[in-house]
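Student: Got a structure here, written out as structure tokens. Questions coming.
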Amino acid sequence: ERLQKELQERTVQIQAMSNKFSNLKEEKKHIQIMADLQKENFRLEELVSELQQGLAKKTELSTEMKNEINDLQLRITDEDLKFKQFQMEHNDLLGKLALLRHTEQQTQVLIEHLQIRFDKIRT
1153 ERLQKELQER TVQIQAMSNK FSNLKEEKKH IQIMADLQKE NFRLEELVSE
1203 LQQGLAKKTE LSTEMKNEIN DLQLRITDED LKFKQFQMEH NDLLGKLALL
1253 RHTEQQTQVL IEHLQIRFDK IRT
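Under our numbering, think of the first position of the sequence shown as 1153, with each following residue one higher.
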């Protein structure tokens, strides 16, 4: 009976040690999983930081490009206005040139007419 009791105690001790060992293995596995998760979390935080920096640079570039586009559109509008003004001046000058040519023709006709009359008077 004493051996039976001692065997039972030893079995309980072995079971307790087995449970403790099993718990230690589970705890070690849990610690390893937590360490892996922390590493992955750190890696993801670095990736997020890099992506945010990239996004900030692209946003800044986009803003610069929009500003440049606005400046170019203003220049185009200004150049269009200047072109229209030059075109109006050109058309005005063409009209004046046509008027001057017409006046020149009339003057030439008048000179020829006066020359003929002068020649008739002289002869």
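Positions of the beta carbon are idealized from the N, C-alpha and C atoms, including for glycine.
1. Can you give me the C-alpha to C-alpha distance between Q1204 and E1192, rounded to a whole angstrom?
2. Could you please give the first and the last residue of the uninterrupted alpha helix (DSSP H) stretch that includes T1275?
3. Could you tell me the alpha carbon to alpha carbon distance between D1230 and L1249, rounded to whole angstroms?
4. Which of the three DSSP states is assigned to E1153 in this structure?
Tutor: On the basis of the supplied data:
1. Residue numbering aside, residue 1204 sits at position 52 when the sequence shown is read from its first letter. Residue numbering aside, residue 1192 sits at position 40 when the sequence shown is read from its first letter. About 18 Å.
2. On the sequence shown, position 123 is the one that residue 1275 refers to. Unbroken run through T1275: none, as it is neither H nor E.
3. Stepping through the sequence shown from its first residue, residue 1230 is reached at position 78. Stepping through the sequence shown from its first residue, residue 1249 is reached at position 97. In a straight line, the C-alpha of D1230 is about 28 Å away from that of L1249.
4. The residue you call residue 1153 lines up with position 1 of the sequence shown. Residue state, collapsed to three classes: coil.
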